[in-house]
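Residues in the sequence shown are numbered from 1003 upward in steps of one, following this note's numbering.
What follows is one structure encoded as structure tokens, with my remarks underneath.
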Amino acid sequence: MNMLAILLKREFWEHRKTFFYLPLIILALLTFFLIAVVGSVQIAGSDIIVSGSVQINEEGLHHRSETNEYSNMPVNALFGEQISQFALLAEDQRERMLNSTYLLIATPLVPVLWVVVFMYFLTCLYDERKDRSILFWKSMPVSDAMTVIAKLLTGLVVVPAIYFMAMMLLQLILFLTTVVVALGYSVDTWQTFVAPAHIMTRWLQMTAFFLFLASWCLPFFAWIIFVSSWARSVPLAWVIGIPIVLVMLEALFTQGEWVRAFIKEHSFPGGLITRLSGGVSDMFQQLLSIEFLVSLVLAALLLYGAVYFRGKADEL
């Protein structure tokens, strides 16, 4: 376990720019944008005049929908009006709207995380063969299997954990900003914004989402590591090209879509908002399917292949 911890630290320090500094920068930018918008409304809102209409759906409360027209109204007054209207909504409506808002503000970090993990797995075994640093690492008392496991855990556990903490901080900042702003208006802050936020429950749901993602997409990431272990050049072309060829062969000879559907489902299984809107139980129900069992066997074979080719890397 000590050796595994050392290997994980090595991977983190070698890639700390994309593992740590990148989500920190995105967090800072989104926080600045959030505070700048809210601050502008509070400070200069009386000097900004707007006209327009806002549709208010009160189906959960009075089973009606209405459109309010606003003409030459200061932004801060309109902002306060919307907070008052929001407080009148039914509790379940407030919960749904706050849930969408909290997930939406964290969503920009999800595709960034996916790209970071993809690129890390793509180069994790290829680069050390390319620059011949593998000769040094293979002289260390670390097995090839342990090295591959460390890289897999780095991409599926360590990196998502860091980005997840950035999402939690972002949502916490939104939560505190909302509470502070609401204190300036004549609404019940607790019942309107605090209680319906369910911040801890949402974090547990997001944790479940990332656990599902790591498990469900395991064959996809194992495939990338496998290609990284043997490709002599341009591993990206192999990672994308071979699945495209398989899909074309399937369409040509079988007229089926199982391979295409399997690749798509286990590569892009749906975004944060889409998955969590379906509920945590729906995600974990998929982990009890035969398809998931097949994907685990496929992932195990690919990882075994990565360990094998990593062991032969100095001979290639």
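We put the CB at the ideal spot given by N, CA and C, even for glycine.
- Shown here, T1156 sits in a helix according to DSSP, grouped into three states.
- A1089 has its alpha-carbon roughly 22 Å from the corresponding atom of I1037.
- By the criterion of at least three beta-carbon pairs nearer than 8 Å, the region 1152 to 1170 is not in contact with the region 1259 to 1271.
- The Cβ atoms of E1252 and W1260 lie closer than 9 Å to each other.
- Shown here, R1134 sits in coil according to DSSP, grouped into three states, outside any helix or strand.
- DSSP places V1182 in the uninterrupted alpha helix (DSSP H) bounded by 1161 to 1184.
- For a cut-off of 8 Å, the C-beta gap from L1105 to L1278 is around 6 Å, short enough to register as a contact.
- Taking all protein chains shown into account, E1016 has fewer than 16 neighbouring C-beta atoms within 10 Å of its C-beta and is therefore exposed.
- A Cβ-Cβ separation of about 17 Å leaves I1107 out of contact with L1024 under the 8 Å criterion.
- The beta carbons of F1228 and F1311 sit closer together than 9 Å.
- The C-alpha of T1256 is placed about 11 Å away from the C-alpha of L1248.
- Listed in chain order, the non-local C-beta contacts of G1258 below 7 Å within the same chain comprise E1252, local neighbours out to five positions each way being set aside.
- Separation of Y1122 and P1143 (C-alpha to C-alpha, rounded to the nearest whole angstrom) is 24 Å.
- An exposed status is given to Q1287, since fewer than 16 other beta-carbon atoms sit within 10 Å of its beta-carbon.
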